[in-house]
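This note's numbering applies: residue -10 is where the sequence shown begins, and numbers increase by one. For reference, the structure discussed in these notes is given below.
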Amino acid sequence: MKSRPFPYPYSMPALRAVKAAEFQGGMAAHANMFNRLQRAHLVEASDVTDPQTLLTCAEEIGLDLQRFKIDLESDSTLNAVLSDREVALEQGVNATPTVVLNDKWLLPGAVPVELYRQVIDDLLAGRDPNKRAAR
């Protein structure tokens, strides 16, 4: 990314693209677009704020480009993204990534895999992960 001729991208264009994909094909299209944009950003070092990058990714995952363009720029897409953000904040999600387990336990940020294992083991055993330190 450091060598690319564009600034480090902000998330709103990609968030709108993912939501526009979701409007067209549900959560499967949402996931496909998210994965494609992550690859574009992290592997290909593409500018995911560039509308052409968004269109290329949408085309590659098989979306109807005419509908995608309309949804990408619509107020309803922006409002849906902002609504999702509000719900996330209400649930205590304020870091990326954040993993939510059992609709209650948050693992914010980049955490070691061992912590995931410990929390999941505790939850599967019916234990409170917060009480691990007391053991």
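Cβ atoms here follow ideal geometry from the backbone N, Cα and C, with glycine treated the same way.
- For T87, the enclosing beta strand (DSSP E) begins and ends at 87 to 90.
- Per DSSP, L31 is not a residue of any beta strand (DSSP E), being assigned neither H nor E.
- In this structure, L90 lies away from V102, with their beta-carbon atoms at least 8 Å apart.
- Measuring C-alpha to C-alpha distances from Q13 to each of K58, D92, D117 identifies K58 as the nearest.
- Contact between E49 and R74 is absent: CB atoms are separated by about 26 Å, not below the 8 Å threshold.
- Here the region 60 to 78 makes no contact with the region 18 to 36; the two share fewer than three CB pairs at distances below 8 Å.
- CA-to-CA, the gap between E33 and G15 works out to about 26 Å.
- The shortest CA-to-CA distance from N68 to any of F(-5), K120, M1 is the one to M1.
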